[in-house]
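Residue numbers (full-length UniProt numbering): 1 to 191.
Laid out in structure tokens, this is it:
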């Protein structure tokens with residue numbers, strides 16, 4: 001497979017994006033060892049939207065790698081979407097004039113492509129799994145409804161998400177990296 005990693009690791013407060021860069025680099029190494037072709041776009045670096053469109057058309061799967069800031073991906077990822085997922089990436093919203101109330105979001109051209117979310121959180125895992133905790137047991141993916149829908153609007157289908165939790169107050173980087181490699185191997189297997 002051909003896989004594009006969009007690395008949104010950026011400097012913010014005391015963090016410098018290092019964990020997300022490490023996860024992106026680990027993904028590249030793991031996926032290449034499995035026989036896949038991998039490219040990384042680091043949003044901290046300048047990028048050309050047209051070249052990024054070509055990467056999106058090239059890829060079989062996109063991995064969104066990002067830290068979570070205020071319950072959402074960094075604004076740089078939204079800016080990337082706005083600049084790259086524009087004209088030419090979709091045919092329309094999927095509706096027809098004869099019945100415009102239905103089929104919104106079904107007109108994407110990227111129907112053979114997949115996407116994965118990999119996020120780093122300061123929140124512990126129980127914040128997502130326990131109904132009495134902050135995210136009411138809804139899970140991580142509920143917080144990224146917009147990113148899921150934007151990707152699906154393009155026609156892409158989701159792959160299982162991944163999270164590193166409690167990365168500031170109780171980091172477990174070595175075990176997170178081991179879980180990440182296992183996750184990638186389980187989802188992408190051998191080429």
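Yeah, the Cβ is synthetic: ideal placement off N, Cα and C, and Gly gets one too.
Pairwise C-alpha distance: residue j and residue i
i           : j           : result
residue 46  : residue 76  : 11 angstroms
residue 67  : residue 98  : 43 angstroms
residue 36  : residue 185 : 11 angstroms
residue 179 : residue 100 : 45 angstroms
residue 145 : residue 71  : 11 angstroms
residue 57  : residue 138 : 33 angstroms
residue 174 : residue 43  : 25 angstroms
residue 129 : residue 73  : 20 angstroms
residue 177 : residue 147 : 24 angstroms
residue 30  : residue 183 : 10 angstroms
residue 83  : residue 53  : 9 angstroms
Cβ pair residue i, residue j closer than 8 angstroms
i           : j           : result
residue 118 : residue 162 : yes
residue 63  : residue 116 : yes
residue 127 : residue 134 : yes
residue 170 : residue 125 : no
residue 60  : residue 2   : yes
residue 158 : residue 187 : no
residue 110 : residue 156 : yes
Identity of the residues DSSP links to residue i by a beta bridge
i           : result
residue 162 : 118
residue 69  : 72
residue 2   : 37
residue 7   : 42, 65
residue 13  : BP columns for residue 13 are empty, so no partner.
residue 157 : 114
Nearest to residue i (by Cα), restricted to the options the options
i           : options            : result
residue 193 : 11, 180, 62, 15    : Nothing can be reported for residue 193, as the shown portion of the chain is limited to 1 through 191.
residue 51  : 155, 151, 80       : 80
residue 20  : 31, 6, 32, 30      : 6
residue 106 : 26, 69, 149        : 149
residue 13  : 154, 112, 69       : 69
residue 22  : 136, 120, 151, 152 : 120
residue 181 : 154, 26, 32, 103   : 26
Assumed close pair residue i, residue j - CB separation to whole angstroms, cut-off 8 angstroms
i          : j           : result
residue 24 : residue 65  : 5 angstroms
residue 34 : residue 189 : 7 angstroms
Residue i Cβ short of 7 angstroms to the ligand ADP heavy atom set
i           : result
residue 129 : As presented, the structure is devoid of all ligands, the ligand ADP included, so that no description of it is given.
Contact with chain D by residue i, beta-carbon distance below 8 angstroms
i          : result
residue 40 : Annotation note: the requested chain D is absent from the structure, which comprises a single protein chain.
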